[in-house]
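Enquirer: In our numbering, the protein residues as written are 289 to 1114.
I am attaching a structure below and will ask some questions about it afterwards.
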């Protein structure tokens, strides 16, 4: 029933007065106007009550206000019924006060407002106004209503209320009620009861006699006008207290949404507000009852990474949500409450009946070992979905934080592979696994013997032993065998372990892995050595990876070196299946600072028990090598021994073991740095052309007067370019053609050169040598595999090229490359 014609500013009294007067006038008495049912119906959708409560704290008298109330409705197909309720304060509890109310509506959301009503009020009439049955007054409050069913065509309507010129005219509420269809299978039966009741002794009846099936949900929404002291603290339906599920309150108006499902009956349902104050006024109450097919969102599982909560890392949490109902669910949220923090994930597409979806969040908290974490997952935490069962929307996971032992120990509060021993002097080291072998725990072994021949651990006759260490790694210690139920004899002498390092997975089924270290310096024999490991109980199980013997010795014939031995133990596996990444599954061996100017070469030896394939990634400073370790002999100990001279740095040298979907352990690094020593070299020249190079670092070149011409090879032009003798330097890795008038020699002095890296072009290149003889097979390239397999030098006495297998100091060589690359000799 429209009280206004769209496009006109005033109410068309003649057209609608008869209809207005034909309305059933609610009961009127001292307590005001009873709430009676003004509209009832059924929709395949819902009824939206948009309260629009407000209060204007400052105004002028006479003055009035201009307010705009915007609304957002759910998407709908059709509007079945809609009504607008406006409450205006006149400024007097009983007297006549001029009140102007001009109302405009934008029903299609296009920003253009169409006049809906233009009211002038100035009388002492109370209850239902005699000439306008759509307006009521109780005390100082006017409430007026307007049918806007045909005007609401969009989900974003808006209303403007202008009370300019009024004695007071402040607005308490602009409430829009819309019953709409949206095509859902569920039905909503609704009853809209309106009036204007004063006090706490009132009630209103919703006649639900027509309901024929069980309902999924029922709620009552009421609009009230009151101060805080007159608010209502208790609502009932059929004398059963109702629980508030939502609501809001401003200074003199508010609304409540009350869960009425369990109090609801088929037949007459009496809604009352016995908890209200004396000046509590209620103009509107709406009952909505939902029936029909319904979704049922059930949290069926909550899981974490590897079913654990890990320390010092982000932990992901996944929840499986099943729609166990008979209707599809629309968009809904899933709330993850993690201790006191809440993360919310939206399922924007909803969930069809019978389907399951998995949602995930990440908890970035840095937890400590043994911290407690309580996770509660709630589907549809705001109850936006009407469900057949609201009791299964929640699941709880309680966890105690553990370490993920597959990560490097920097993630488990453990130690790096630390430097335990260092040596300086004219020293060197040697290592061997001898004839040691892997022995499985299921063999129930009691004694394991390993031997090393004199040749396998060759130490010069006049050398002095600095340090001899025996490394004995193990795995799957199922019965706490290590370290105290085994004994070791070395060359017949029982010796105690000097160190024991261990690690384990630390969650689920977890057995220790580790390594025993024995100092056998005083027991070592240059003629051969034997170690015997004995286990006390045959019934116990522990698997032995093998044994590695390392000897550091001093010999005056050796160059000056520094040797750093790092020991530890770190179980690694970098793969998502273990909730790790390769970056996390990394063990570090800090090697400290070094005077790179004094270091001629650097050699890095690494022990990685369990690494075979080859497999595993080795990192030294910024250089990375992949597929590094393979088992040595018949052991299960991966050992790598390589030059790292080119990658040393002045500070923060670090070696690292990294797993990329490989199981292995990091156990030991040995860094051997050789210091520069002075060298001098005489390079003989024959009459005519000679192919030479000038190895050495920070060196000097002395050219005899017999040298007449010097040329270098230009790989870009394929021609020889003359070289100014003053521009010659040592250590460049370049070779030259040098012409001599007669037999003579070139003198080179400087520091010994152990390596160089020089650009090489596709085709033939003239390259130099090092300060010591090195096999041609040790030449390598970046990218790898770019060299041919032929090496030549010029024989001046015969006037021909000779094929060679070694690079000899002072000579020059032809080397072929199959592509542009960097040639590395070390």
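Ideal Cβ placement from N, Cα and C applies to all residues, glycine included.
Treat the numbers as computed from the prediction; the structure is a model and nothing was measured.
Might you give, ordered along the chain, the residues of its own chain that have their beta carbon closer than 8 Å to the beta carbon of residue 553, omitting 5 neighbours on each side?
Expert: The residues are 496, 526.
Enquirer: Taking the alpha carbon of residue 846 as the point to measure from, which residue in 832, 871, 752, 806 has its own alpha carbon closest?
Expert: Of the candidates 832, 871, 752, 806, the one whose C-alpha sits nearest the C-alpha of residue 846 is 752.
Enquirer: Find the nearest neighbour of residue 370 within the set 352, 386, 326, judged by alpha-carbon distance.
Expert: For residue 370, the nearest C-alpha among the options comes from 326.
Enquirer: Helix or strand or just coil, what does DSSP make of residue 1014?
Expert: Residue state, collapsed to three classes: helix.
Enquirer: Check the DSSP bridge columns for residue 482 and list the partner residues they point to.
Expert: Answer by DSSP bridge pairing, in chain order: 324, 572.
Enquirer: Since residue 541 contacts residue 461 with CB under 8 Å, what's their CB separation in whole angstroms?
Expert: Right, the Cβ-Cβ distance comes to about 5 Å (below 8 Å), so this counts as a contact.
Enquirer: How many Å lie between residue 658 and residue 669 at the Cα?
Expert: Near 30 Å, if we compare the C-alpha coordinates of residue 669 and residue 658.
Enquirer: Please report the Cβ distance between residue 1036 and residue 968, rounded to the nearest whole angstrom; I am assuming they are in contact, meaning their Cβ atoms lie under 8 Å.
Expert: About 7 Å separates the two Cβ atoms, so the contact holds.
Enquirer: Could you compute how far the alpha carbon of residue 561 sits from the alpha carbon of residue 534?
Expert: Spanning the two alpha carbons is a distance of roughly 16 Å.
Enquirer: Can you give, in chain order, each stretch of the beta strand (DSSP E) that sits fully within the stretch 643–675 and has at least 3 residues?
Expert: For the stretch 643–675, whole beta strand (DSSP E) runs of length 3 or above, ordered along the chain, are 644–651, 660–667.
Enquirer: I'd like the list of long-range same chain contacts for residue 1074, defined as Cβ closer than 6 Å, with 5 residues on each side in sequence excluded.
Expert: Counting only Cβ-Cβ distances below 6 Å, and skipping sequence neighbours, we find 1105, 1106, 1107, 1109.
Enquirer: So what's residue 291 in DSSP terms, helix, strand or just coil?
Expert: Annotation note: pLDDT 30 at residue 291 (below 50); position unreliable, coordinate value reported separately. Three-state result, residue 291: coil.
Enquirer: Quick one: any contact between the stretch 614–621 and the stretch 629–638, if contact means 3 or more CB pairs under 8 Å?
Expert: Contact between the stretch 614–621 and the stretch 629–638 is present, because at least three Cβ pairs lie under 8 Å.
Enquirer: State buried or exposed for residue 1004, treating a residue as buried only when at least 16 other CB atoms are found within 10 Å of its CB.
Expert: Answer is exposed; the Cβ neighbour count stays below 16.
Enquirer: Please classify residue 474 as buried or exposed, where buried requires at least 16 other C-beta atoms within 10 Å of its C-beta.
Expert: Buried, because 16 or more other Cβ atoms sit within 10 Å of the Cβ of residue 474.
Enquirer: List the DSSP bridge partners of residue 862.
Expert: In the DSSP output, where bridge partners are listed per residue, residue 862 has none listed.
Enquirer: Is the CB-CB distance between residue 446 and residue 358 below 9 Å?
Expert: Cβ distance < 9 Å, so residue 446 and residue 358 count as in contact.
Enquirer: Give the DSSP-derived three-state secondary structure of residue 448 in the structure shown.
Expert: Correct three-state label for residue 448: strand.
Enquirer: If you reduce the DSSP assignment to three classes, tell me which class residue 680 lands in.
Expert: Here residue 680 sits in coil by DSSP.
Enquirer: Quick check on the DSSP output: what are the complete beta strand (DSSP E) runs of length 3 or more inside the stretch 875–929, in order along the chain?
Expert: If we require 3 residues or more, the beta strand (DSSP E) runs fully inside the stretch 875–929 come out as 887–897, 903–908, 911–917.
Enquirer: With a threshold of 8 Å (Cβ to nearest heavy atom), would residue 590 be considered close to the ligand ADP?
Expert: Annotation note on the ligand ADP: not contained in the displayed structure, which lists no ligands.
Enquirer: Can the beta-carbon of residue 1023 be found less than 9 Å from the beta-carbon of residue 994?
Expert: No, they are not a contact pair.
Enquirer: Who are the near neighbours of residue 336 in its chain, counting only those whose CB is closer than 6 Å to its CB and skipping five residues on each side?
Expert: 361, 466.
Enquirer: Taking the beta strand (DSSP E) that residue 960 falls in, what are its first and last residues?
Expert: Counting along the chain, the beta strand (DSSP E) containing residue 960 begins and ends at 952–963.
Enquirer: Is the separation between the beta-carbon of residue 957 and that of residue 888 shorter than 9 Å?
Expert: No, the Cβ-Cβ distance between residue 957 and residue 888 is not below 9 Å.
Enquirer: Can you find at least 3 beta carbon pairs, one from the stretch 800–807 and one from the stretch 597–605, that sit closer than 8 Å?
Expert: Short answer: they don't touch.
Enquirer: Would a C-beta distance cut-off of 9 Å place residue 862 and residue 722 closer than the cut-off?
Expert: No, the Cβ-Cβ distance between residue 862 and residue 722 is not below 9 Å.
Enquirer: Does the stretch 396–403 come close enough to the stretch 433–446 that 3 or more CB-CB pairs lie under 8 Å?
Expert: Segments in contact, yes.
Enquirer: Can you check which of these residues, 883, 323, 1099, 738, is closest to residue 493 by C-alpha distance?
Expert: Measuring from the Cα of residue 493, the nearest candidate turns out to be 323.
Enquirer: Applying the 10 Å Cβ sphere with the 16-neighbour rule, what's the burial state of residue 719?
Expert: It counts as buried.
Enquirer: Three or more C-beta pairs under 8 Å: does that hold for the stretch 759–778 against the stretch 929–938?
Expert: Result no; under three Cβ-Cβ pairs closer than 8 Å.
Enquirer: Could you spell out where the beta strand (DSSP E) holding residue 371 opens and where it closes?
Expert: It spans 366–377 - the beta strand (DSSP E) in which residue 371 sits, taken as one unbroken run.
Enquirer: Specify, as a first and last residue, the run of the beta strand (DSSP E) that residue 596 falls within.
Expert: That residue, residue 596, is in no beta strand (DSSP E); it is neither H nor E in DSSP.
Enquirer: By DSSP, does residue 522 sit in helix, in strand, or in coil?
Expert: Residue 522: coil per DSSP, three-state reduction.
Enquirer: What residue does the beta strand (DSSP E) around residue 624 start on, and which one ends it?
Expert: Unbroken beta strand (DSSP E) run through residue 624: 620–626.
Enquirer: Go through the stretch 503–567 residue by residue and report every complete run of the beta strand (DSSP E) that reaches 3 residues or more, in order.
Expert: Within the stretch 503–567, the complete beta strand (DSSP E) runs of at least 3 residues are 503–513, 531–537, 541–547, 556–560.
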